[in-house]
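*Asks:*
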Amino acid sequence: MKKFAPIITFTLLLITLCAIGIQYCSYTEQAFAADSVALPVLMYHSVLKSRKGTYIVNPSQLEADFKRIIDEGYTAVTSEQVISFVDGKGELPAKPIMITFDDGHYNNMYYALPLLKKYDLHAVLNVIGKFSDFSTSSGDIDNPNYSHVTWDEVAEMSNGRVMEIGSHTYNMHNYKPRFGLSQNYGESDEQYVAALRSDIDKLQKILFEYTGKQCRVLAYPFGKYSTIAENTLVNMGFRMMFTCNEGVSYVTRGKPESLYKLKRINRSGLYDTATVINKIAK
1 MKKFAPIITF TLLLITLCAI GIQYCSYTEQ AFAADSVALP VLMYHSVLKS
51 RKGTYIVNPS QLEADFKRII DEGYTAVTSE QVISFVDGKG ELPAKPIMIT
101 FDDGHYNNMY YALPLLKKYD LHAVLNVIGK FSDFSTSSGD IDNPNYSHVT
151 WDEVAEMSNG RVMEIGSHTY NMHNYKPRFG LSQNYGESDE QYVAALRSDI
201 DKLQKILFEY TGKQCRVLAY PFGKYSTIAE NTLVNMGFRM MFTCNEGVSY
251 VTRGKPESLY KLKRINRSGL YDTATVINKI AK
């Protein structure tokens, strides 16, 4: 029996160490769960009855999405709720989700806003300043097929509790002379930063004039971003930036940088709501 004593002792020690390791892993997972939260972000563009496509859904699809989101236990949160969580000043629900609409299409207000109100959901409307300027000045303001929201409509939505306003730049949603927020060939870092600040600050001033609020959310045009662009936006006071990278991000308490390149799921009109939910769940 004595010759087996060392083996038995070693086995007991191994079991004890494994138990400690399992307990430690459990504590680590609990800490991770408390401080880091999965945040799916849905990305919509146009909402039209007449057609659907990669960047177009019809109102029936949108309503089906909203119903299913609620049925699956998700809670639509605002940017301020997420920022407060990261800053350690608030909590998030068990299954948070963000809903975003890019470009500031009038059809978002016409079709999506009533559905958001109906289902008590929140969303971010990322407007392109140049397009809203044109709709405001031209007076061609109420065609769901091509109009964009006017500044008065932006002000009206901002005063409600359903739609918050984000930036999609003033006039950098272009392929030329630069692709989104990309740095042009031969352009110095100083010139690049000056161009970014000039464009984005122009929209910031307009949004503050009409909403009385400092915009802290931006969606990168075409999802194009860079380290310099990110640093510039942070220095300008932005706290949350959306990309077009497909997937779900984790936001982490005490790590503001976890908000700087948030992934999104593009809601194509070419598939059904079940596919959307599966993409979120992954």
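Following my numbering, the numbering of the sequence shown begins with 1 at its first residue and continues without gaps.
Don't be surprised by glycine CBs; every beta carbon is placed ideally from N, CA and C.
For clarity, every value in this text was computed on a predicted model and none was experimentally measured.
Counting only runs that start and end within the region 141–167, where is the beta strand (DSSP E) found for 3 or more residues in a row?
*Replies:* 163–167
*Asks:* Could you check what DSSP says for S84 in three-state terms: helix, strand or coil?
*Replies:* The sequence position of residue 84 within the sequence shown is 84, counting from 1. Helix.
*Asks:* So, helix, strand or coil for L62, using DSSP?
*Replies:* Residue numbering aside, residue 62 sits at position 62 when the sequence shown is read from its first letter. If DSSP states are grouped into helix, strand and coil, L62 belongs with the helices.
*Asks:* Between L259 and V86, is the Cβ-Cβ spacing less than 8 Å?
*Replies:* Position 259 of the sequence shown, counted from the start, is the residue given in the question as residue 259. Position 86 of the sequence shown, counted from the start, is the residue given in the question as residue 86. If you check the CB distance, L259 and V86 come in under 8 Å.
*Asks:* Helix, strand or coil for K282? Go by DSSP, reduced to three states.
*Replies:* To locate residue 282, count along the sequence shown from 1; it is residue 282. It is coil, neither helix nor strand.
*Asks:* Take K263 and list the residues in its own chain whose beta-carbon comes closer than 8 Å to its own, dropping the five residues that flank it on each side.
*Replies:* For the purposes of this step, residue 263 is taken as the residue at position 263 of the sequence shown. Closer than 8 Å at the Cβ level, and outside the excluded window around K263, lie V41, T243, N245, E246, G247, V248, S249.
*Asks:* What residues in its chain sit with their C-beta under 6 Å from that of A76, if we drop five residues either side in the sequence?
*Replies:* Counted from its first residue, the sequence shown places residue 76 at position 76. Same-chain partners within the cutoff: I97, I99, L121, H122.
*Asks:* For A274, which three-state DSSP category applies?
*Replies:* Taking the first residue of the sequence shown as 1, we reach residue 274 at position 274. Helix.
*Asks:* Got a sec? Which residues, its chain only, sit under 7 Å from Y192 by beta carbon, not counting five neighbours each side?
*Replies:* On the sequence shown, position 192 is the one that residue 192 refers to. Q183, I228, listed in sequence order.
*Asks:* Below 8 Å CB to CB, which residues in the same chain sit around M241 once its five sequence neighbours on both sides are set aside?
*Replies:* Locating residue 241 in the sequence shown gives position 241, where the first residue counts as 1. So the list reads V217, L218, A219, Y220, Y225, E230, L233, L259, Y260, K261, L262, once near-sequence residues are dropped.
*Asks:* Go ahead and pull the three-state DSSP assignment for P40.
*Replies:* By one-based count along the sequence shown, residue 40 stands at place 40. Coil, per DSSP.
*Asks:* Distance, Cα to Cα, P256 vs Y185?
*Replies:* Sequence index remark: in the sequence shown, residue 256 carries index 256 (1-based). Sequence index remark: in the sequence shown, residue 185 carries index 185 (1-based). Spanning the two alpha carbons is a distance of roughly 30 Å.
*Asks:* Keeping to the same chain, check which residues put their C-beta closer than 6 Å to that of V37; ignore five residues upstream and five downstream.
*Replies:* As a first step, residue 37 is located in the sequence shown; it is residue number 37 there, counting from the start. The answer, listed in chain order, is L92, V251.
*Asks:* For Q61, count the other beta carbons within 10 Å of its own beta carbon; 16 or more makes it buried, fewer makes it exposed. Which is it?
*Replies:* Here residue 61 is taken as the residue at index 61 of the sequence shown, counted from 1. The residue in question, Q61, is buried, as its Cβ has 16 or more Cβ neighbours within 10 Å.
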